[in-house]
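For the record, in the sequence shown the residue sitting at position 83 is 85 according to the numbering used here, with numbers rising by one throughout.
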Amino acid sequence: MMIGKELQDAINDQLNFELYSGYLYLAMAAWFEQQNLNGMAHWMKVQAKEEYEHAMRFWEHIVDRGGKVELEAIGRPKTEWSSPLEAWEDAYEHEKKVSERIFKIGEIAERNGDRAALPMLHWFYDEQIEEEEQTMKVRDLLKMIGDSKNALFMLDAQLGKRGD
Ligand code: FEO
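This is the structure we're talking about:
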């Protein structure tokens, strides 16, 4: 089933947003490295790779269905944060935005009676639960530990163990 124009445009736009997401997380990685929080930087670099994979999943869906991938400019991400908590709060808010955007793509698919996009979109619905949960958890832990440098370094070490 050939992909329709409206859905193709929405998916191309999301493909761009996934690349932007990776770029934002790389910007956070750079900032964390400056703060000597190398574990958090590592976590963000792994996340950036995941975002690239998300973009490619959308890419493949368009191509498999006879559509055309259109690449747009990737926005400049924020580069400074006032605290690790602020950065993780941003990451969590960003993931919520990603979820909303993907739900909107689902609405477009439904409106167009496009059942072929549903398995791919369902994969993303599940993935977004995980993405929101991971960033929310670190945000909550940072709120809990407050000003404790010891706890911050322990959390940083923990996040540095994230596998590729
Ligand atoms: Fe690809 Fe983090 O959403």
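Where is the CB? At the ideal position from N, CA and C, for every residue including glycine.
Specify, as a first and last residue, the run of the alpha helix (DSSP H) that residue i falls within.
| i | result |
| --- | --- |
| I13 | K7 to Q36 |
| M42 | N40 to D66 |
| K151 | K151 to L161 |
Grouping DSSP H, G and I as helix and E and B as strand, with all else coil, what is residue i?
| i | result |
| --- | --- |
| P121 | helix |
| W83 | coil |
| R113 | helix |
| M4 | coil |
| G108 | helix |
| L73 | coil |
| D166 | coil |
| W103 | The amino acid at residue 103 is misidentified as Trp; the sequence shows Arg. In the structure shown, R103 sits in a helix (DSSP, three-state: H, G or I). |
Give the straight-line distance between the Cα atoms of residue i and residue j, rounded to the nearest whole angstrom.
| i | j | result |
| --- | --- | --- |
| I107 | S101 | 10 Å |
| Q36 | I76 | 24 Å |
| D15 | M156 | 38 Å |
| L17 | G148 | 36 Å |
| E91 | K47 | 17 Å |
| S85 | K70 | 41 Å |
| K151 | W125 | 38 Å |
| K80 | I13 | 24 Å |
| A118 | Y22 | 26 Å |
| Q160 | G68 | 44 Å |
| F19 | L73 | 11 Å |
Is residue i near ligand 1, with its Cβ less than 8 Å from a heavy atom?
| i | result |
| --- | --- |
| V65 | no |
| H124 | no |
| V100 | yes |
| E52 | yes |
| S23 | yes |
| H44 | no |
| E91 | no |
Around the Cβ of residue i, are there at least 16 other Cβ atoms within 10 angstroms (buried) or fewer (exposed)?
| i | result |
| --- | --- |
| L144 | buried |
| V65 | exposed |
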